[in-house]
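Step one of this worksheet: look at the structure below.
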Amino acid sequence: MLSTAPGNAQTANAPVLEVPAHSVPVPSTVSPQMAKIIGLPLRTNWNVLPKTGEEWKPVADAGAANTIKNIPGISERLHVTIDKTVIDGVRAFVITPEVIAPENRNRLLIHVHGGCYVLNPGEAALPEAMFMAGFGHFKVIAVDYRMPPEAYFPAALDDSMTVYKNAIRTTDPKNIAIFGSSAGGALTLEMILKAKQDGLPLPGAIAPGTPMSDVTKIGDTFVTNAMLDNVLVSPDGFCDAGTKVYANGHDLKDPLLSPVYGDMQGFPPTILTSGTRDLLLSNTVRVHRKLRQAGVEAMLQVYEGQSHAQYYRDDTSPEAREAFEEIAGFFNKHLGK
Numbered sequence: 605m606l607s608t609a610p611g612n613a614q615t616a617n618a619p620v621l622e623v624p625a626h627s628v629p630v631p632s633t634v635s636p637q638m639a640k641i642i643g644l645p646l647r648t649n650w651n652v653l654p655k656t657g658e659e660w661k662p663v664a665d666a667g668a669a670n671t672i673k674n675i676p677g678i679s680e681r682l683h684v685t686i687d688k689t690v691i692d693g694v695r696a697f698v699i700t701p702e703v704i705a706p707e708n709r710n711r712l713l714i715h716v717h718g719g720c721y722v723l724n725p726g727e728a729a730l731p732e733a734m735f736m737a738g739f740g741h742f743k744v745i746a747v748d749y750r751m752p753p754e755a756y757f758p759a760a761l762d763d764s765m766t767v768y769k770n771a772i773r774t775t776d777p778k779n780i781a782i783f784g785s786s787a788g789g790a791l792t793l794e795m796i797l798k799a800k801q802d803g804l805p806l807p808g809a810i811a812p813g814t815p816m817s818d819v820t821k822i823g824d825t826f827v828t829n830a831m832l833d834n835v836l837v838s839p840d841g842f843c844d845a846g847t848k849v850y851a852n853g854h855d856l857k858d859p860l861l862s863p864v865y866g867d868m869q870g871f872p873p874t875i876l877t878s879g880t881r882d883l884l885l886s887n888t889v890r891v892h893r894k895l896r897q898a899g900v901e902a903m904l905q906v907y908e909g910q911s912h913a914q915y916y917r918d919d920t921s922p923e924a925r926e927a928f929e930e931i932a933g934f935f936n937k938h939l940g941k
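Each residue of the sequence shown is one higher than the one before, starting from 605 at the first, in this note's numbering.
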């Protein structure tokens with residue numbers, strides 16, 4: 605049935621398809637570990653929307669406590685060590701695998717974490733970086749960038765660029781890759797835009813996972829995957845609220861907040877990751893198409909049934925290993941020795 609578009613539609617007065625209410629089962633085509641993740645209920649408090657940095661801090665701290673308790677187990681299973689450091693005034697962590705692959709000994713990865721620019725402070729930022737170090741056998745620097753209420757846009761980008769500038773003083777940029785998911789995926793793209801603006805050499809490759817590439821909420825899956833993605837849940841949920849607090853009144857269409865609107869000519873080879881239930885699948889697909897239209901080598905991997913960034917929710921799932929081994933293989937192809 606076609607009808608007038610609702611307020612959340614992408615084009616004014618465009619026809620829309622009315623979809624009957626229906627149940628969506630967990631797909632039978634995923635691992636038992638991933639089936640448990642896909643089958644989880646909607647994120648608790650997805651529609652609690654703090655309006656200030658001060659209101660976000662206890663939310664971030666509570667979430668961080670839940671994540672941090674899992675860090676020792678992940679570290680043991682993936683055989684990685686974690687060291688806290690400060691790089692030119694920016695808080696960071698160095699994640700080192702027990703065995704660094706011979707081809708990776710002169711390579712360095714920089715990780716920028718997700719969390720809608722307001723979540724995952726401190727060690728809570730580390731699981732994705734640990735997955736990459738453990739499955740890919742790379743040394744990783746994870747940036748613990750400033751967030752509200754400590755700092756607002758463009759603090760996350762500024763801190764990430766500080767770490768990158770430090771890295772290229774001692775490591776050939778061709779041997780460096782940048783990666784991260786969600787806000788970290790957006791920051792990965794924003795770092796390349798900023799490096800281009802500043803005339804800095806670009807890294808050898810990047811891996812923006814399910815990037816928040818358009819925080820104005822434009823894209824098909826903001827509608828089709830709403831209330832199906834059990835992590836982000838809704839385009840009007842907690843992540844939108846957190847991003848607006850971080851933006852602090854700045855234009856949300858600025859490419860340094862919505863990088864899909866930036867000039868992607870000359871970007872390094874890029875591998876993107878998403879899932880079929882991801883609210884940001886369209887954000888990911890649109891970046892992939894824009895990169896290809898700019899002549900950039902770009903690979904898109906999309907995983908069955910997964911909501912937002914669920915490829916790094918369980919290090920024992922075969923999907924997690926596969927996702928990060930794909931990224932590692934892409935980096936191995938494009939980074940210098």
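Here a beta-carbon is modelled for each residue, glycine too, at the ideal position from N, C-alpha and C.
Beta carbon of Leu876, beta carbon of Val891: below 8 angstroms? The residue labelled residue 876 in the question sits at position 272 within the sequence shown. The residue labelled residue 891 in the question sits at position 287 within the sequence shown. Against a cut-off of 8 angstroms, the Cβ pair of Val891 and Leu876 comes out as a contact.
Closest by CA to Thr689, which one among Glu727, Arg773, Cys720? Within the sequence shown, numbered from 1, the residue matching residue 689 stands at position 85. Nearest of Glu727, Arg773, Cys720 to Thr689, Cα basis: Glu727.
Taking the alpha-carbon of Leu804 as reference, which of Ile810, Pro859, Ile796 has the nearest alpha-carbon? What you label residue 804 is simply residue 200 of the sequence shown in a count that begins at 1. It is Ile796.
For the alpha helix (DSSP H) holding Gly657, just list the boundary residues, first then last. Locating residue 657 in the sequence shown gives position 53, where the first residue counts as 1. Residues 657 to 672.
Own chain, CB closer than 8 angstroms to Ser635, minus 5 neighbours either side, in chain order: Position 31 of the sequence shown holds residue 635. Excluding sequence neighbours, Ser635 sits near Ser921, Pro922, Glu923.
Reference Val747, options Asp840, Ser786, Arg695, Leu939, closest by Cα: Position 143 of the sequence shown, counted from the first residue, corresponds to residue 747. When only C-alpha atoms are compared, the closest one is Arg695.
Do you know offhand how far Lys673's Cα is from Thr880's? Translated into positions along the sequence shown, residue 673 becomes position 69. Translated into positions along the sequence shown, residue 880 becomes position 276. C-alpha separation (whole angstroms): 29 angstroms.
Residue interval of the alpha helix (DSSP H) (run including Leu885): Sequence index remark: in the sequence shown, residue 885 carries index 281 (1-based). Element bounds for Leu885: 885 to 897.
Counting only the same chain and skipping the five closest in sequence on each side, list residues whose C-beta sits under 8 angstroms from that of Ala760. Residue 760 sits at position 156 when you count from the first residue of the sequence shown. Cβ within range, chain order: Val716, Tyr721, Tyr749, Arg750, Met751, Ala787, Leu791, Tyr850.
If Asp692 sits next to Asn779, beta carbons under 8 angstroms apart, how far is it from one beta carbon to the other, in whole angstroms? Counting from 1 along the sequence shown, the entry for residue 692 is found at position 88. Counting from 1 along the sequence shown, the entry for residue 779 is found at position 175. With a Cβ gap of about 20 angstroms, Asp692 and Asn779 do not count as contacting.
Residue nearest to Phe697 in terms of C-alpha spacing, selected from Ala729, Val628, Thr888: In the sequence shown, residue 697 corresponds to position 93, counting from 1. Residue nearest to Phe697 within the set Ala729, Val628, Thr888 is Ala729 (criterion: CA-CA distance).
Any heavy atom of the ligand NAP closer than 7 angstroms to the CB of Ser886? Among the ligands in the structure shown, none appear at all, so the ligand NAP cannot be discussed.
Let me know the secondary structure DSSP gives Gln801 once reduced to three states. By 1-based counting over the sequence shown, the position of residue 801 is 197. Residue state, collapsed to three classes: helix.
What does Lys769 pair with, by DSSP beta-bridge criteria? Numbered from 1 along the sequence shown, position 165 holds the residue referred to as residue 769. Partner(s): none; Lys769 has no beta bridge.
In whole angstroms, what separates the C-alpha of Thr700 from that of Met736? To locate residue 700, count along the sequence shown from 1; it is residue 96. To locate residue 736, count along the sequence shown from 1; it is residue 132. Thr700 and Met736: Cα-Cα distance of roughly 10 angstroms.
Please report the distance separating the alpha-carbon of Ala613 from that of His912. The residue labelled residue 613 in the question sits at position 9 within the sequence shown. The residue labelled residue 912 in the question sits at position 308 within the sequence shown. Low confidence applies here, because Ala613 scores a pLDDT of 44, under 50, leaving its location unreliable and the question unanswered by this model.
Restricting to Cα atoms, I'd like to know which of Ala705, Ile782, Gln910, Ile678 is closest to Val835. In the sequence shown, counting from the first residue as 1, residue 835 sits at position 231. The residue from Ala705, Ile782, Gln910, Ile678 with its alpha-carbon nearest to that of Val835 is Gln910.
What are the start and end residues of the alpha helix (DSSP H) that includes Leu879? Walking along the sequence shown from the start, residue 879 turns up at place 275. Looking at the sequence provided, one finds Gly at residue 879 rather than Leu. Taken as a continuous stretch (DSSP letters only), Gly879 belongs to no alpha helix (DSSP H), being part of the beta strand (DSSP E) at 874 to 879.
Residues in its own chain within less than 8 angstroms of Thr754 by CB, not counting five upstream and five downstream? As a working mapping, residue 754 is identified with position 150 in the sequence shown. Residue identity check: residue 754 is Glu in the sequence provided, not Thr. Cβ neighbours of Glu754 beyond the five flanking positions: Gly657.
When the Cα atoms are used, what is the spatial distance from Val703 to Gly823? Reading the sequence shown from its first residue, position 99 is the one you call residue 703. Reading the sequence shown from its first residue, position 219 is the one you call residue 823. In a straight line, the C-alpha of Val703 is about 41 angstroms away from that of Gly823.
Report the partner residues of Gly784 according to the DSSP bridge assignment. One-based indexing of the sequence shown puts residue 784 at position 180. Gly784 pairs with Pro812.
Enumerated in chain order, which unbroken segments of the alpha helix (DSSP H) with a length of 4 residues or greater are wholly contained in the segment 694 to 718? Counting whole runs of 4 or more residues, the segment 694 to 718 contains no alpha helix (DSSP H) stretch at all.
Can you check DSSP and say which residues form a bridge with Val906? Your numbering for residue 906 matches position 302 in the sequence shown. DSSP lists Ser878 as partners of Val906.
DSSP beta-bridge partners for Asp687? As a first step, residue 687 is located in the sequence shown; it is residue number 83 there, counting from the start. Val698, per the DSSP bridge assignment.
Nearest by alpha-carbon distance to Ala898: which of Ala705, Asp867, Phe757 is it? Residue 898 sits at position 294 when you count from the first residue of the sequence shown. Checked all of Ala705, Asp867, Phe757; the closest Cα to Ala898 is Asp867.
Hey, out of Tyr907, Glu926, Gln869, Thr888, whose CA is closest to Val900's CA? As a position in the sequence shown, residue 900 is number 296, starting the count at 1. Residue Gln869 is the option with its Cα nearest to Val900.
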